[in-house]
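All remarks here apply to the structure that follows.
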Amino acid sequence: MARITLDHLAHAYRPDPQGPQDYALKEINHVWSQGGAYALLGPSGCGKTTLLNIISGLVRPTRGRILFDDRDVTDLPTEARNIAQVFQFPVVYDTMTVRENLAFPLKNRGVPRERTASRVEEIARLLDLGRVLDRKASNLTADMKQKISLGRGLVRSDVSAILFDEPLTVIDPHLKWQLRSTLKEIHRALDITMIYVTHDQTEALTFADKVVVMHDGAVVQTGTPEELFERPAHTFVGHFIGSPGMNILPCRVDGATAYIGDEAVALSRAYRALPQSQRIELGIRPEFLRLQHKGAGLPVRLRRIDDIGRARIARVEMSGRPLTASVPDDITIEGDEAALAFDPHHVHIYADGHLVAGEAAGGQVR
Amino acid sequence: MTKTLNNKAWFLVLPVFAIVAFSAVLPLMTVVNYSVQDTFGNNQFFWNGIGWFQELLDPSKELGGRFFEALWRTLLFSAIILAIEIPLGILVALSMPREGWTVALCLVLMALPLLIPWNVVGTIWQVFARGDIGLLGWVVNHLGIDYNYTGDALDAWATIIVMDVWHWTSLVALLCYAGLKSIPDAYYQAARIDGASRWAVFRTIQLPKMRRVLLIAVLLRFMDSFMIYTEPFVLTGGGPGNATTFLSIDLVKLALGQFDLGKAAALSLVYNLIILAICWVFYTVMTNVDADRERVEA
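Taken in order, these protein sequences are the chains called A and B.
Each residue of the first sequence is one higher than the one before, counting from 1 in full-length UniProt numbering.
Each residue of the second sequence is one higher than the one before, counting from 1 in full-length UniProt numbering.
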């Protein structure tokens, strides 16, 4: 059981990193608290697997320290850390039975035979592997194999954290849900820190209490799924999370009003000291942008309306720029001229991609 | 599924039949024809039935005696070759670099012996191992070891075995290396997390993943060593005495030395059948192992 602290951690794969562009992982300070369920979310190549491998000790960071509780483990090899890792492709030892696979980490650590046997039974029950214990591991399905990999981590009683590196990639869709809920159950039952790397936002948002969003080797936001949805700290988060993602529009801000071209959009907060040199953008999620009849808001050209089941999404265009908006149930638009209504509480202002806090305007605090 | 019948297809298959007939079936039938006849000069043939085969498979007869001697010699040679080259090849493959420019260098160096024509290999070693002018022979003799591959049977065997190991171990190593390269990194990482020792990694990951290429390596090396001819022929000519007369050398002596075409034909056929039988056993073992896995999987 441990709290994992990343202290000024950075990593470059080339031996002589010059500038920040050489770093696969830019400086990170982060604390993973004991027992948390975390997701590391980001597109491929954003450095999330590197970060995971640094935590498990497979990669030694170029700079910074990594602490388990207060113990510096930066230079400790993987086997000396109390870490288990489940990989993208299931790793099982082909020649062994499931039982032998599960016992393998304990056997390597010289745990007495009876302790090993009872522990294996316990974990097999937890993972529902009891029926296949004496079958060869190589002949099982991918989701079973992934459970075995997970089981090899859980079987060690000293494990303080389990790292998952996109563990559901090769699992059939209908089994993904099942395996993910197994993970949740185990997390609740065992009070183990879990860090789950994925590029799939649904996986991240359903699995984790806290999501760490990474982009281009840096952490751009850490927060609960609600926070990521309601207040994206970076335009990347806004765009990456949500489907469709957030609308980002270049704008000009004057006090509590934003101007998109000549059209004014009321804001719930006032922004007084926005730096002149930076790129100012307005971000709003399609859920808070409602399609209206012509004249009832920002004029746009309607391209088409997609029915995505639980909602209708309008694809519109504003001076050549594509936007998405939600379509209220009671509205039908004739022709292609329409308008957009903004929910001022959910309009965010970004300077060079980063969220600007703004001041409460008119005593309204949000 | 319904099959479409199209008699024109025969025209496409016919050339293959013709080529196979001329290159394999007809020569083989000639050998079969010889094996049941006694031949004399002036192309005189006398029917001998299965006489040669009876003589060949009877160790008390002169022909049978030399056949079985050569057969055991060849089997022993193959066994020694496999026992040395397979473990050595695995060891070499394990110690080869995994990435960087040294990989290419290693591969080229290892492939070199495989590219040398067989009789050149024999010649190289014939000179190399000579006691008077050969580097190896001279050094060994000056170390105080009495070594003479032309006079001593044991020395001759040792020289041929070392030569074959030098010539063919890299084939095994390259095959194993290919098998090793196909193991994803995650396996090694998982093994580290599981606290596996170097030996455990070899036993539980590397060896099982190399199993298939190893079977191929064993098959190839067995066949090649069982049919070995050129190198020992150049190096020792089957001597001293008959000490290194393997089946193939014996066959050539019989056919071209004594011109006993009937006996030689019978020997070739039996030789061929032995190789076919062993091939079949290997093939069955290989496919059965795979079938076993699939059956459990299903």
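Glycine is no exception: its CB is placed at the ideal position from the N, C-alpha and C atoms.
In this text, all values refer to a predicted model and were calculated from it rather than measured experimentally.
Under 7 Å from the C-beta of Pro184 (chain B): neighbouring residues of chain A: Think of a sphere of 7 Å around the beta carbon of Pro184 (chain B): the chain A residues whose beta carbon falls inside it are Phe89, in chain order.
Stretch-stretch touch, CB-based, cutoff 8 Å, three pairs: the region 60-74 of chain A with the region 106-115 of chain A: Taking a contact to require three or more Cβ pairs closer than 8 Å, the region 60-74 of chain A and the region 106-115 of chain A do not qualify as touching.
Reference Gln18 (chain A); option with closest CA among A:Glu287, A:Thr62, A:Asp209, A:Thr202: Minimum Cα distance to Gln18 (chain A) is reached at A:Thr62.
Trp157 (chain B), buried or exposed, once every other Cβ within 10 Å from all chains shown has been counted against 16: Trp157 (chain B) counts as buried, since no fewer than 16 other beta carbons sit within 10 angstroms of its beta carbon.
Proximal residues, the region 122-150 of chain A versus chain B, C-beta separation under 9 Å: Residues Arg135, Lys136, Ser138, Asn139, Leu140, Ser149.
Cα-Cα separation between Ser160 (chain A) and Val289 (chain B), rounded to whole angstroms: When the Cα atoms are used, Ser160 (chain A) and Val289 (chain B) turn out to be separated by approximately 40 Å.
According to DSSP, residues forming a beta bridge with Ala191 (chain B): Paired residue(s): none; Ala191 (chain B) is not in a bridge.
Beta-carbon contacts of Val237 (chain A) that lie in its chain and below 7 Å, excluding the five residues immediately before and after: Here Val237 (chain A) has Val213, Val220, Gln221, Leu228 as same chain residues with Cβ atoms under 7 Å from its own Cβ, once five neighbours each way along the sequence are excluded.
CB contact flag (Gly283 (chain A), His348 (chain A), <7 Å): In contact: Gly283 (chain A) and His348 (chain A) (Cβ atoms closer than 7 Å).
Cβ pair count under 8 Å reaching 3, the region 112-123 of chain B against the region 229-237 of chain B: Flag = yes, the region 112-123 of chain B and the region 229-237 of chain B touch.
Amino acids of chain A, ordered along the chain, whose beta-carbon sits closer than 7 Å to that of Asp194 (chain B): Contact note: Asp194 (chain B) reaches chain A through Phe104, Pro105, Asn108, Arg152, using a C-beta cutoff of 7 Å and chain order.
Contact set between the region 54-80 of chain A and chain B, restricted to residues whose Cβ is under 7 Å from the partner: Of all residues in the region 54-80 of chain A, only Ser56, Leu58, Thr78, Glu79 place a beta-carbon less than 7 Å from a beta-carbon of chain B.
Boundaries (first-last residue) of the beta strand (DSSP E) holding Ala339 (chain A): Counting along the chain, Ala339 (chain A) sits inside the beta strand (DSSP E) bounded by residues 337-342.
Span separating the alpha-carbon of Val365 (chain A) from that of Ser277 (chain A): At Val365 (chain A) the pLDDT is 42, less than 50, meaning the model places this residue with poor confidence; the figure from the coordinates comes in the next sentence. Rounded to the nearest whole angstrom, the CA to CA distance from Val365 (chain A) to Ser277 (chain A) is 28 Å.
For Trp280 (chain B): DSSP bridge partner residues: In the DSSP output, where bridge partners are listed per residue, Trp280 (chain B) has none listed.
Below-7 Å beta-carbon distance, Ala266 (chain B) vs any chain A residue: So, not an interface residue.
Thr30 (chain B) versus Arg203 (chain B): straight-line alpha-carbon distance, rounded: Going from the Cα of Thr30 (chain B) to the Cα of Arg203 (chain B) covers about 50 Å.
The region 91-106 of chain A / the region 174-189 of chain A touching (three or more Cβ pairs under 8 Å): No: fewer than three Cβ pairs fall under 8 Å.
Euclidean distance between Cα positions of Arg3 (chain A) and Arg310 (chain A): Spanning the alpha carbons of Arg3 (chain A) and Arg310 (chain A) requires a straight line of approximately 40 Å.
Pairwise C-alpha distance: Phe226 (chain B) and Lys8 (chain B): If you take the alpha carbons of Lys8 (chain B) and Phe226 (chain B), they lie about 43 Å apart.
Limits of the beta strand (DSSP E) - the one that Asn247 (chain A) falls within: 247-250 is the extent of the beta strand (DSSP E) around Asn247 (chain A).
Chain-ordered neighbours of Tyr93 (chain A) on chain B, where CB pairs are closer than 8 Å: The answer, in chain order, is Thr204, Ile205, Pro208.
Same chain, Cβ closer than 7 Å to Ala265 (chain B), neighbours up to 5 away in sequence not counted: Closer than 7 Å at the Cβ level, and outside the excluded window around Ala265 (chain B), lie Val31, Tyr34, Ser35.
Nearest residue (CA-CA) to Ala80 (chain A), options B:Ser60, B:Trp10, B:Leu256, B:Ala191: Proximity to Ala80 (chain A) across B:Ser60, B:Trp10, B:Leu256, B:Ala191 peaks at B:Ala191, based on C-alpha coordinates.
Selection from B:Ser248, B:Phe222, B:Ser197, B:Met223 that minimises the alpha carbon distance to Pro105 (chain A): Of B:Ser248, B:Phe222, B:Ser197, B:Met223, the residue nearest in Cα terms is B:Ser197.
Distance, Pro90 (chain A) Cα to Ala12 (chain A) Cα: Taking the straight line joining both Cα atoms gives about 27 Å.
Identity of the residue in B:Phe40, B:Val172, B:Gly49 nearest Arg211 (chain B) by Cα: Of the listed residues, the one whose Cα sits closest to Arg211 (chain B) is B:Val172.
Backbone CA spacing between Leu175 (chain A) and Ile241 (chain A) [nearest angstrom]: Their backbone Cα atoms lie some 23 Å apart in a straight line.
Residue burial classification, Lys61 (chain B) (beta-carbon count within 10 angstroms, cutoff 16): For Lys61 (chain B), the number of other beta carbons within 10 angstroms of its own is below 16, and it is reported as exposed.
Chain-ordered chain B contacts of Ala84 (chain A) [CB-CB under 9 Å]: What Ala84 (chain A) touches in chain B, judged by beta-carbon distance under 9 Å, is Ile193, Asp194, going in chain order.
Cβ of Tyr188 (chain B) within 7 Å of any chain A Cβ: No, no contact with chain A.
Span separating the alpha-carbon of Pro328 (chain A) from that of Leu40 (chain A): As the crow flies, the alpha-carbon of Pro328 (chain A) is around 34 Å from that of Leu40 (chain A).
Inter-stretch contact (C-beta, 8 Å, three-pair minimum) for the region 286-305 of chain A and the region 330-339 of chain A: Remark: three or more beta-carbon pairs, one from each stretch, lie closer than 8 Å, so the region 286-305 of chain A and the region 330-339 of chain A are flagged as touching.
DSSP-derived helix/strand/coil call for Arg109 (chain A): Assigned with DSSP and collapsed to three states, Arg109 (chain A) falls in coil, not helix or strand.
Close Cβ partners of residue 300 (chain B) (< 6 Å) along its chain, the five nearest in sequence each way excluded: Lying outside 1 to 298, the shown extent of chain B, residue 300 (chain B) is not represented and no answer is given.
Between the CA atoms of Thr284 (chain B) and Leu63 (chain B) - distance to the nearest angstrom: Leu63 (chain B) and Thr284 (chain B) have their alpha carbons spaced roughly 32 Å apart.
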